[in-house]
Each structure stands twice: as structure tokens, then as C-alpha cells.
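Numbering-wise (UniProt numbering), the sequence shown opens with residue 1 and increments by one.
The beta carbon of each residue, even a glycine, is placed where N, CA and C say it ideally should be.
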Amino acid sequence: MFAYDSLAPNIWVFCGSLVFLIGLALTACYTVQWLNRKPKHGDVPNMPKRDFTLDELSQFNGEGPDGRILIAVNGSVFDVTNNGKSFYGKDGPYAMFAGRDASRSLAMFSANMPPRVENYDDLSDLTSDQMNKLKEWELQFRGLKSRDASADTPKSKDD
């Protein structure tokens, strides 16, 4: 004969494991479904990879005919149109970054964008702590960008 007390911990372990496995299966299904999603009706189509001058980048501030929003961070350009329009679009809290190189502001945790500059900012005057923060931001943008976003180094007019 089994005592009730000796089975109780095993039942809780079994139930906990079952809940964990169900959660894991649901997460896997959602991830596969998200990765294989088809573009929504309003999604902007893929943009071919290319380099941008700062002037060219400024044309992608969300106000163009297709509403595309590009943001440069640490030398890479991210297309945040489909996944970040509510943040970086016209009325979004970070609209000032759209069509710009946001590296300096992100590294300094500042929402104040410097005036538009003609030349690419090499960020050589940032501290190592600020550069580390900028790299963290870059990783976040790499996670946010759509699978079809282009990521190339912005170039100055002189290049």
C-alpha cells in the first residue's frame, strides 16, 4: 500500500513538468508561426541592401510615399517601418530618430537630436561606457528590425 503523503510530491512534479512542457510547446508554435508569417497588407516590401549618404537616409523619415522609416545606429541602417512605426513614425515618441543617424543620442541616452550634419559622425569622442551603451542599442535594433531590413553603413557625401 502506498501512503498518500509519499505520492503528493511526485504529483506536483508531474503537474509542474506538464505545465512547463505545454508552455514550451506553445512558445515554439508561436515562434514558428511568427517566423513564417506573411507580410501584412500594410507592410512595406523588402528594400534591397545598399549604402546611404546622410542626405539619402533623411528621405526615409516615414513621410515618403511608402512611409518607410530607416534609422542608422552605430554604422548600420535599420528598417523599422513594419515593426516600429508606432515608435518612430510621425506621431511616435522617438520620431526625431527617423531618417537620421541616432547613434550619438542613443549612446548618451538623450532624446535631443543634434542638428543635421553633412558628414558622418565617427563617434570618436564617446567614452567606452557610451560606446558600450550604443552597442546594446544596436543589438536591440537588430532584434527589432524586420527579417527583410537592409543594414549597411551610412556614408557621407564625400564617399
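Between the stretch 117 to 133 and the stretch 89 to 98 there are fewer than three C-beta pairs closer than 8 Å, too few to call the two in contact. Taking the C-beta atoms as reference points, I69 is found nearer than 8 Å to G62. When P65, K85, A98 and M47 are compared, the shortest CA-CA separation from L57 is found for A98. Beta bridge pairing from DSSP links I71 with F78. A direct Cα-to-Cα measurement between F14 and C29 gives close to 22 Å.
Counting of Cβ neighbours within 10 angstroms places E136 among the exposed residues, the total staying below 16. Classified as buried, S105 has 16 or more neighbouring CB atoms from the shown chains inside 10 Å of its CB.
Counting of Cβ neighbours within 10 angstroms places F60 among the buried residues, the total reaching 16 or more. Within a 10 Å sphere around the beta-carbon of L21 sit fewer than 16 other beta-carbons, which makes this residue exposed. Following the DSSP letters along the chain, one finds L54 inside the alpha helix (DSSP H) bounded by residues L54 to S58. Annotation: the continuous alpha helix (DSSP H) that includes R104 extends over S103 to A107. DSSP, reduced to helix, strand and coil, places N112 outside both helices and strands of the structure shown, so it counts as coil. CA-CA distance, D79 to I71, rounds to 7 Å.
Within the DSSP secondary-structure output, N61 pairs in a beta bridge with I69.
Between A111 and V73, the CB-CB gap reaches or exceeds 8 Å.
When rounded, the separation of the alpha-carbon atoms in V44 and S86 is 14 Å.
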